[in-house]
Amino acid sequence: DYIDISDQVIQKAKKELQIEIDDSLYIGLTDHIHTSIERYKEGILLKNHLLLEIKHFYKKEFELGLWTLELIKTKYGIQMDESEAGFIAIHIVSSEVGKDISDVYEITSFIQEVLQIVKNYFNKDFDEDSLSYYRFVTHLKYFGKRVFAKIKQNNDESLNNDLLTLMKEKYVHPYLCVLEIKKFIE
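Numbers -4 to 181, taken from the numbering used here, label the letters of the sequence shown in order.
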């Protein structure tokens, strides 16, 4: 039964997200579903401390998590908390990016920290429903992935230096904010 639920979720993820899913998700997700159902039967509830971030940064995956909870409710009569949808979303995200779940949590925390730096620097709230915010978070996801993988991009240094000089002069405040982010990463 747990494998069947996992298969339904994975097939829906492949279709709706149009992504490649690592086959290891079958094992990880099935195990998670089994463990979470057993925990709920015993009255043990886990709080997902990154639930807000997961909802904002991985909206589609979170919706799949909620859909999974509906499958579980229909099959087992167990009403699970949104935290479980967040945990399921992280399993899907880790499969998408080919990372361990702990890496996804690190990247998620990284995104939150960078967003907080930008928010504090400019003393401005984000419109979390805007396309600009969504694009910014998407860039931060890939940036975080590169930071944690320690991937350096191989670019022409003279072009980078010219572009950087232009950016420093034309966009002083954003550049100073980037220096704050750089300090955080270091």
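Ideal Cβ positions, reconstructed from N, Cα and C, are used throughout, including at glycine.
- Here the C-alpha atom of E37 lies approximately 20 angstroms from the C-alpha atom of T63.
- For the pair of segments examined, the region 65 to 80 was found not to touch the region 106 to 120: the number of CB pairs separated by less than 8 angstroms stays below three.
- Per the Cβ contact rule, the region 51 to 65 is in contact with the region 81 to 91 (3 or more Cβ pairs under 8 angstroms).
- By a beta-carbon distance limit of 8 angstroms, L47 does not contact Y100. Their separation comes to about 13 angstroms.
- Just so you know, the alpha carbons of K9 and I16 end up roughly 7 angstroms apart.
- Of the other Cβ atoms in all chains shown, 16 or more fall within 10 Å of the Cβ of G139; this residue is therefore buried.
- Residue I176 holds the alpha-carbon nearest to the alpha-carbon of V142 among L41, I176, P169.
- When the Cα atoms are used, L41 and V167 turn out to be separated by approximately 44 angstroms.
- The shortest CA-to-CA distance from V113 to any of S89, D124, Y128 is the one to Y128.
- For L64, the enclosing alpha helix (DSSP H) stretches over residues 54 to 71.
- Counting along the chain, the unbroken alpha helix (DSSP H) around E175 starts and ends at 167 to 180.
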